[in-house]
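Q:
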Amino acid sequence: MASLKKRGKNYYIVFSKSEDGKQTKKTYSLGTTYKKIAEEKKVKFQKLYDQGEIDPFQENWSVKAYEDYLKESQGKGMVVDSYYLDELKETFLKTKSHTTEATQSGYKSVIKLFIEDVGRSMTVNLISPEDIRSFCFKKKYSNATQRNYYKHLKVFFKWLKEQSIISENPCDSVTPPKKKDKLVDKIFSEEELQAIFDAFKEHHKKCKENRHIVQKSLRQDWFIPMITTAYYTGLRRKEITNIKWHQVDLKNREISVTDTKNGSERTVVIFDIVHDVLIKWRKQSRNTKKGLVFPSPKSSKKNQFALPGDYVSKVFKGYVKKAELKESIHFHGLRHSCATFMIRKGFDVTLVKEMLGHKSIEVTMRYVSLCVQDRKNRAEELGLITT
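Numbering (our numbering), first residue to last: -3 to 383.
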């Protein structure tokens, strides 16, 4: 166990252990009058002691002698386990001299911040995956900043491993946060929706030609009707997989949504394109006015059950890939696309909020800002705005 002690202006580290009921203590000068540096050194030497790399109770051992040994070993070009991060940073940055000034600045800044976080006296062999997580994934950092810090440190520690300074890269045991797609990347147009349907039709045409699909449960007849409905109503995945015919009023062009995310009911308008699709779908599936609108093909007349949400998302994503569209398009993007579609058609933001069931107007306003940018882009194309 190690603790700090101050005599006058100087800080000391005190090691203590108990053997056969006898307490033994050893005190060594840390060679500093700064509390922060002293605390950093205490943590470092505590780790070294815990890992069995030093024995402060050994005769003639001292902090100064140990640090002098490290400096002497490094000066002779020897590979030792206890390189200081601050010194290694400078050597590493020299290997990046061929890169742009911005790249060099990025590495310098991130490594400097990391060293300040773990302590200037910390040696590289003591850096753990938890140190990486603690530094990179602070809640105050954005997703992009967390990923950026992790990326830079991973390259730095990879270099240390290549130089045989460390045996394992601590970053390899750390999973960075997934990149968050921007809202604009999740939205797709009617043309892209049609491309998804074309990919679906082409796939099933080939399957039919090759006689790969024979069972009704594998035909995915629900796909185009469900996806069309989702795109033009903004229904959430759980809402659309559980919607029942008694909630759909084709005559008055309304869908009553009761099983909502926030627990409040809402009414969704049925546009012509959805109206036509649902009428055709009801005839095709031979559904009555009762039961699920999109039941699983494995359902029976007596026992109906909904399509699993994860399965629906997986099937949708599969045809997005076949259509070779952007990776950021997912099932929930149908809802985002509906909001954008309505605003572009001139719907008042309040009406969009009510139809999609947003809890606050601020959520809906995100789509308004995207549409404003649409108009600016179009104005630039027409030469009405010059930059």
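Yeah, the Cβ is synthetic: ideal placement off N, Cα and C, and Gly gets one too.
#1: What number of angstroms, rounded off, separates the C-alpha of Thr95 from the C-alpha of Lys108?
#2: Quick one: give me the first and last residue of the beta strand (DSSP E) that Arg262 is part of.
#3: Please tell me whether, using a cut-off of 7 angstroms, the distance from the CB of Leu366 to the nearest non-hydrogen atom of the ligand FAD is below it.
#4: What separation, rounded to the nearest whole angstrom, lies between the Cα atoms of Gln100 and Ser93?
#5: Jot down the residue ranges of each uninterrupted alpha helix (DSSP H) in the segment 211 to 236, minimum 4 residues, whole runs only, in chain order.
#6: Compute the beta-carbon to beta-carbon distance between Ile50 and Tyr62, rounded to the nearest angstrom, for a pair I have assumed lies under 8 angstroms.
#7: Measuring straight from C-alpha to C-alpha, what distance separates Gly73 and Val359?
#8: Which residues in the same chain have their Cβ closer than 6 angstroms to the Cβ of Arg3, if we skip the five residues on either side of it in sequence?
#9: Give the DSSP-derived three-state secondary structure of Ile161 in the structure shown.
#10: Leaving aside the five residues before and after Ile381 along the sequence, list all residues of the same chain whose C-beta is less than 7 angstroms from its C-beta, in chain order.
#11: What span of residues does the alpha helix (DSSP H) with Phe88 cover, start to end?
#12: For Ala(-2), which residues does DSSP report across the bridge?
#13: Taking DSSP as the reference, what is the three-state secondary structure of Leu189?
#14: What number of angstroms, rounded off, separates the C-alpha of Ala264 from the C-alpha of Thr336?
#15: Go ahead and pull the three-state DSSP assignment for Asn6.
#16: Look up Glu250 in the DSSP assignment and say whether it is helix, strand or coil.
#17: Just the C-alpha distance for Ile161 and Lys150, rounded to the nearest angstrom, thanks.
#18: Quick one: is Leu303 buried, meaning 16 or more other Cβ sit within 10 Å of its Cβ, or exposed?
#19: Use the C-beta contact count for Val395: other C-beta atoms within 10 angstroms, 16 or more gives buried, fewer gives exposed.
#20: Could you have a look at Asp16 and say whether DSSP puts it in helix, strand or coil?
#21: Going by Cα to Cα distance, which pick from Lys13, Thr29 and Ile33 is closest to Pro52?
A: Let me spell this out:
#1: Taking the sequence shown and counting its residues from 1, one reaches residue 95 at position 99. Taking the sequence shown and counting its residues from 1, one reaches residue 108 at position 112. So the alpha carbons of these two residues sit roughly 18 angstroms apart.
#2: For the purposes of this step, residue 262 is taken as the residue at position 266 of the sequence shown. It spans Arg262 to Val265 - the beta strand (DSSP E) in which Arg262 sits, taken as one unbroken run.
#3: The model on display carries no ligand, and the ligand FAD is accordingly not part of it.
#4: Taking the sequence shown and counting its residues from 1, the one referred to as residue 100 is at position 104. Taking the sequence shown and counting its residues from 1, the one referred to as residue 93 is at position 97. Rounded to the nearest whole angstrom, the CA to CA distance from Gln100 to Ser93 is 7 angstroms.
#5: Scanning the segment 211 to 236 from its first residue to its last, the whole alpha helix (DSSP H) runs of 4-plus residues come out as 219 to 229.
#6: On the sequence shown, residue 50 is found 54 positions in, with the first residue counted as 1. On the sequence shown, residue 62 is found 66 positions in, with the first residue counted as 1. In this structure, Ile50 and Tyr62 form a Cβ contact; the two beta carbons are roughly 6 angstroms apart against a cut-off of 8 angstroms.
#7: Against the sequence shown, residue 73 aligns to sequence position 77. Against the sequence shown, residue 359 aligns to sequence position 363. The pLDDT assigned to Gly73 is 47, lower than 50, so where the model puts this residue is not dependable; a value taken from the coordinates is nonetheless given after this. Computed Cα separation, rounded: 59 angstroms.
#8: Taking the first residue of the sequence shown as 1, we reach residue 3 at position 7. Contacts found: none.
#9: Residue mapping note: residue 161 aligns to position 165 of the sequence shown, counting from 1. In the structure shown, Ile161 sits in coil (DSSP, three-state: anything other than H, G, I, E or B).
#10: As a first step, residue 381 is located in the sequence shown; it is residue number 385 there, counting from the start. Taken in chain order, the residues that qualify are Lys372 and Ala375.
#11: Your numbering for residue 88 matches position 92 in the sequence shown. That run of the alpha helix (DSSP H) goes Leu81 to Lys90.
#12: As a first step, residue -2 must be located in the sequence shown, where it is residue number 2. In the DSSP assignment, Ala(-2) forms a beta bridge with Phe11.
#13: Here residue 189 refers to the residue found at position 193 of the sequence shown. DSSP, reduced to helix, strand and coil, places Leu189 within a helical segment of the structure shown.
#14: Residue 264 sits at position 268 when you count from the first residue of the sequence shown. Residue 336 sits at position 340 when you count from the first residue of the sequence shown. Note on residue identity: the sequence assigns Val, not Ala, to residue 264. If I take the Cα positions, the gap works out to 16 angstroms.
#15: Here residue 6 is taken as the residue at index 10 of the sequence shown, counted from 1. For Asn6, the three-state secondary structure derived from DSSP is strand.
#16: Taking the sequence shown and counting its residues from 1, the one referred to as residue 250 is at position 254. Strand.
#17: Along the sequence shown, one-based indexing puts residue 161 at 165. Along the sequence shown, one-based indexing puts residue 150 at 154. Rounded to whole angstroms, Ile161 to Lys150 spans 15 angstroms at the Cα level.
#18: Indexing the sequence shown from 1 puts residue 303 at position 307. Buried is the call here.
#19: Residue 395 is absent from the model: the chain starts at -3 and stops at 383.
#20: In the sequence shown, the residue the question calls residue 16 occupies position 20. Of the three classes helix, strand and coil, the one that applies to Asp16 here is coil, per DSSP.
#21: Translated into positions along the sequence shown, residue 52 becomes position 56. Selected option, being the one with the closest Cα: Lys13.
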